[in-house]
Structure formats: structure tokens, C-alpha cells
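*Asks:* Pasting a structure here, questions to come.
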Amino acid sequence: MEENEKVVLTTQQSDRPKRILVIGNHEYILRNLEALLQKAGYETAGHTESEQALDYIRYNPLDAVLIGGGVDPHVRLRIAALVEKDFPAVRLIEHFGGPATILAEVKAAIG
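So this is what it looks like as C-alpha cells:
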């Protein structure tokens, strides 16, 4: 019986939605991106403040970090450095442009 319980736990963990942190400059764009990703079955959190985003990365399990095109280049570098150094399994997705390609970019990065 214990063996069956392990199988169930493994199945539940693999079936969980992929978790994505969305970082952007404008709240309304951030919410639209989150809604688009959630509709596609992803679990999201969003931040417009860089320090809050960095803390979220540090303290929450993630599959990807999606950075919008309007995010300051210095903030991008800080986020990329944190992810690369401390969370190499987390995919960094830098998105430039409109929402039309976001789902394809996310699927290519994390499935």
C-alpha cells in the first residue's frame, strides 16, 4: 500500500500547473499577461516592483520567470544573475513585443 501512495504523490506532483513569475512595468499589462497564461493552464504571480520580484524568486518554487520588454535593463540583469546563480532549473523568458507570441515562447521554454 505504501508503494501505491508514492505513485499517487508522484503523479500529483507531475500534474501540477507550471508556475511562472511575470515581471512588468505596468499593472494593467501585467494582469493581461497573467490572465492569458492562466487561461492556458499556467499558475502565475506578477510584480511590477523589482525588489518584490527578486524576493518572490528567492522564496517561491517556480518553473519560469517571464520579463516584459519594458523592464529596465539593470533590473533584467539582476534578475538574470539571481536565476542563473541560485535557481538554474528556472527558465528565464525575456519577452519583447505584443502578447501574440507569449504562449509560444512559454511553451518552448517550459512546456
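Start counting the sequence shown at -13; every next residue gets the next number (this note's numbering).
For every residue, glycine included, the Cβ atom is placed at its ideal position computed from N, Cα and C.
(1) When you compare the CB positions of I88 and L40, do they come within less than 9 Å of one another, or not?
(2) Give the single residue among H33, E37, H81, A50 whose Cα lies nearest to the Cα of E13.
(3) When DSSP labels each residue in this structure, what does V(-7) get in the three-state scheme?
(4) CA-CA distance, A25 and A66?
(5) Going by DSSP in three states, L19 sits in which element: helix, strand or coil?
(6) Going along the chain, which residues of its own chain have a beta-carbon closer than 8 Å to the beta-carbon of Y28, five neighbours each way excluded?
(7) Could you tell me which residues DSSP pairs with L102 in its beta bridges?
(8) Cβ atoms of V8 and G56: under 9 Å apart, would you say?
(9) Whole angstroms are fine: how far does the CA of V61 sit from the CA of E37?
(10) I need the DSSP call for A31, collapsed to helix, strand or coil.
*Replies:* Inspection of the coordinates gives the following:
(1) Counted from its first residue, the sequence shown places residue 88 at position 102. Counted from its first residue, the sequence shown places residue 40 at position 54. No, these two residues do not count as a Cβ contact at 9 Å.
(2) Start at 1 with the first residue of the sequence shown, and residue 13 comes out as number 27. When only C-alpha atoms are compared, the closest one is H33.
(3) On the sequence shown, position 7 is the one that residue -7 refers to. Here V(-7) scores only 39 on pLDDT, less than 50, and its place in the model should not be relied on; the value that follows carries that caveat. Helix.
(4) Sequence index remark: in the sequence shown, residue 25 carries index 39 (1-based). Sequence index remark: in the sequence shown, residue 66 carries index 80 (1-based). First, the residue type needs correcting, since residue 25 is Lys and not Ala in the sequence shown. Taking the straight line joining both Cα atoms gives about 26 Å.
(5) Here residue 19 is taken as the residue at index 33 of the sequence shown, counted from 1. Residue state, collapsed to three classes: helix.
(6) The residue labelled residue 28 in the question sits at position 42 within the sequence shown. P3, K4, R5, I6, V92.
(7) Only positions -13 to 97 of the chain appear in the structure, and residue 102 is not among them; the question remains open.
(8) The sequence position of residue 56 within the sequence shown is 70, counting from 1. The sequence position of residue 8 within the sequence shown is 22, counting from 1. Taking 9 Å as the Cβ cut-off, G56 and V8 do not qualify as a contacting pair.
(9) For the purposes of this step, residue 37 is taken as the residue at position 51 of the sequence shown. For the purposes of this step, residue 61 is taken as the residue at position 75 of the sequence shown. Going from the Cα of E37 to the Cα of V61 covers about 9 Å.
(10) Residue numbering aside, residue 31 sits at position 45 when the sequence shown is read from its first letter. A31: strand per DSSP, three-state reduction.
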